[in-house]
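Participant: Below is one structure. I have some questions about it.
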Amino acid sequence: MSQPINPLRKYIREGKLPHFFCPGCGCGQILNAFLQACDELSVDPSRMVIIGGVGCTARIPVYLKGDVLHGVHGRTLAWATGIKLHKPQTKVVIFAGDGDVASIGGNHLIHAARRNLDVLVVVANNFNYAMTGGQVAPMTPSQVRTMTTPFGNPEPSFDICELVVTAGATYVAREATGRPVQLERTLKKALTHEGFALVEVLSQCPTNYGRYALRSGDPAVTLKWIMDRCITKAQADKLSKEEKAGKFVLGEFVDFKRPIFCGSSVYDLESCECCE
Amino acid sequence: MAVYIDKNLCKGCGLCIHFCPKNVFDITDEINKKGFNVAAPTRQKDCIQCKLCERSCPDLAIVVE
Ligand SMILES: Cc1ncc(C[n+]2csc(CCOP(=O)(O)OP(=O)(O)O)c2C)c(N)n1
Ligand code: SF4
Ligand code: SF4
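Chains as they are written, first to last, in the working numbering: chain A, 4 to 279; chain B, -1 to 63.
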């Protein structure tokens, strides 16, 4: 008898594994958690349109069965808008790196959130432009050493969750690959949300972030560095702004409903005629 | 119940060692087709079937059955 294999592999394209991610990369863990979330909800990812831009994270969709798009840096939400206008009932999920969605795709991001486009954006925040070799990115923490900031990053970084909450997103949460069970739970909730959902996942890039910032290519070292800086939202609520500096707050920031974007008119799913 | 690792998918990253609360795994001297030293559940008898290894493996290489 052949050896049992992970049941989630039924969602993976034949012959595509092992994937291209480096050993211990958080992207693989995000793929695992996403498939587990889909499986527990009994929603088939091959019935969705799954989009990646450019970058390591953006390669996650490439391994999945079904309709996937890959390859235009930062423009995932532009593609998603087109798909949602043509087929509003299609579930659209985006996997984007911090560089992809917060830098080159930043303008698409704020307007998709403002319009409450009905998509799920999973942002893998590995604190650098990983695929191109570890350059500083908009979500690299201050003072951190990267390939292009050998004396430490002199700039402040984006809080992408705060950014999209302000822009109008209706589900926003942050999780980390170091908490696989909570990550799955958050992705499950985000998958069932109607409207603009964004989940930021703090994710280890041992090869580029780890080696430059922490002088170690060991995935566990980067994972530990991230988890040592994480606090829950409940803990954060008790701290002052100064005490929270340099910490990553994990948890849900908003979860509510408002009319969803559908072309020239904003509408409620209930009252929309084109979606029946 | 047992823990199975697909040796062809394992990249020897060591995350199963990091996540397992019962220290079941080791990286072995065995090298797979891609040139990675693969992990093995050498202390299976200590396993409590929490499935953290299966859920946290980036390569979908582990299953606990
Ligand atoms: C229009 C365009 N500009 C620049 C690039 C080069 N490029 C490829 S991947 C990448 C960075 C991706 O970083 P991020 O989105 O953070 O993903 P990661 O690799 O870290 O997962 C860049 C700048 C490109 N492919 N296309
Ligand atoms: S470079 Fe970093 S993000 Fe890209 S696959 Fe390797 S570890 Fe993952
Ligand atoms: S199921 Fe839990 S205890 Fe058993 S090997 Fe996996 S992580 Fe360790």
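All C-beta atoms in this analysis are idealised placements derived from N, C-alpha and C, irrespective of residue type, glycine included. Quick caveat: nothing in here was measured; it's all calculated off a predicted structure.
Have a look at A:VAL175 and A:LYS227 and give me their C-alpha separation to the nearest angstrom.
Facilitator: Going by the C-alpha atoms only, they are around 24 Å apart.
Participant: Classify A:SER243 as buried or exposed, calling it buried when 16 or more other Cβ atoms lie within 10 Å of its own Cβ.
Facilitator: The residue is exposed, with fewer than 16 neighbouring Cβ atoms inside 10 Å.
Participant: Could you tell me which chain A residues have their CB closer than 9 Å to the CB of B:LYS32, listed as they occur along the chain?
Facilitator: Near B:LYS32 (Cβ distances below 9 Å), the residues of chain A are PRO21.
Participant: Spell out whether any CB of chain B is found under 8 Å from the CB atom of A:SER5.
Facilitator: Cβ-Cβ to chain B under 8 Å: no for A:SER5.
Participant: To the nearest angstrom, how far is it from the Cα of A:GLU197 to the Cα of A:PHE154?
Facilitator: In a straight line, the C-alpha of A:GLU197 is about 44 Å away from that of A:PHE154.
Participant: Roughly how many whole angstroms lie between the Cα atoms of A:CYS278 and A:ARG261?
Facilitator: At A:CYS278 the pLDDT is 49, less than 50, meaning the model places this residue with poor confidence; the figure from the coordinates comes in the next sentence. For A:CYS278 and A:ARG261, the distance between alpha carbons rounds to 17 Å.
Participant: Quick one: is B:ILE60 near chain A, going by C-beta distance under 8 Å?
Facilitator: For B:ILE60, the answer is yes, since a Cβ of chain A falls inside 8 Å of its Cβ.
Participant: Check the Cβ-Cβ distances between A:CYS278 and every residue of chain B, and say whether any is below 8 Å.
Facilitator: Note that A:CYS278 scores a pLDDT of 49, beneath 50, so its modelled location is shaky; the value from the coordinates is reported in the next line. Not one chain B Cβ lies under 8 Å of A:CYS278.
Participant: Which of helix, strand or coil does DSSP assign to B:ASN21?
Facilitator: Coil at B:ASN21, not helix or strand.
Participant: Could you name the residues that DSSP lists as bridge partners for A:PHE251?
Facilitator: BP columns for A:PHE251 point to A:CYS233.
Participant: Starting from A:HIS114, trace the alpha helix (DSSP H) in both directions and tell me its first and last residue.
Facilitator: A:HIS114 -> alpha helix (DSSP H) spans 109 to 118.
Participant: Can you list, in chain order, the stretches of the beta strand (DSSP E) that have 3 or more residues and sit fully within the region 83 to 160 of chain A?
Facilitator: Listed in chain order, the complete beta strand (DSSP E) runs (minimum 3 residues) inside the region 83 to 160 of chain A are 95 to 100, 123 to 128.
Participant: Along the alpha helix (DSSP H) that carries A:GLU43, what are the first and last residues, could you check?
Facilitator: 29 to 44 is the span of the alpha helix (DSSP H), which, as asked, contains A:GLU43.
Participant: In this structure, how does DSSP classify A:ALA216 when only helix, strand and coil are distinguished?
Facilitator: Reduced to three states, the DSSP call for A:ALA216 is helix.
Participant: Quick check on B:GLY33: buried or exposed, where buried means 16 or more other Cβ atoms within 10 Å of its Cβ?
Facilitator: Classification of B:GLY33: exposed, given that the 10 Å Cβ count is below 16.
Participant: Just the Cα atoms here: how many angstroms apart are A:GLU255 and B:PRO19?
Facilitator: Roughly 27 Å separates the two Cα atoms.
Participant: Quick one: which chain B residues come within Cβ less than 7 Å of A:ILE8?
Facilitator: Within 7 Å Cβ-Cβ: ASP4, VAL61.
Participant: Does the Cβ of A:HIS76 lie closer than 7 Å to at least one heavy atom of ligand 1?
Facilitator: A:HIS76: yes, Cβ under 7 Å from ligand 1.
Participant: Give the straight-line distance between the Cα atoms of A:ALA115 and A:THR84, rounded to the nearest whole angstrom.
Facilitator: Distance between the alpha carbons of A:ALA115 and A:THR84: 8 Å.
Participant: Given a cut-off of 8 Å, decide if A:HIS73 and A:ALA81 are closer than it, judged by their beta-carbon atoms.
Facilitator: Not a contact, by the Cβ cut-off of 8 Å.
Participant: Quick one: does A:ARG12 have its CB under 8 Å from some CB of chain B?
Facilitator: By this cut-off, A:ARG12 is an interface position.
Participant: Can you name the residues of chain D whose CB is closer than 7 Å to the CB of B:GLU52?
Facilitator: This model lacks chain D altogether; the protein chains it does include are A and B.
Participant: With distances taken from CA atoms, which of A:PRO141, A:VAL52, A:ALA248, A:ARG117 is nearest A:HIS89?
Facilitator: If we check each option's Cα against that of A:HIS89, A:VAL52 comes out closest.
Participant: Any idea if A:PHE130 is buried or exposed, counting beta-carbon neighbours within 10 angstroms, 16 or more meaning buried?
Facilitator: By the 10 Å Cβ count, A:PHE130 comes out buried.
Participant: For A:ARG177, collect the residues of the same chain with a Cβ closer than 6 Å to its Cβ; drop the 5 residues on either side in sequence, then sort them by chain order.
Facilitator: Within the same chain, A:ARG177 has close Cβ partners CYS164, GLU203, LEU253.
Participant: Can you round the beta-carbon distance between A:ALA133 and A:GLY220 to whole angstroms, since I take them to be within the 8 Å contact cut?
Facilitator: Wrong, their Cβ atoms sit about 13 Å apart, outside the cutoff.
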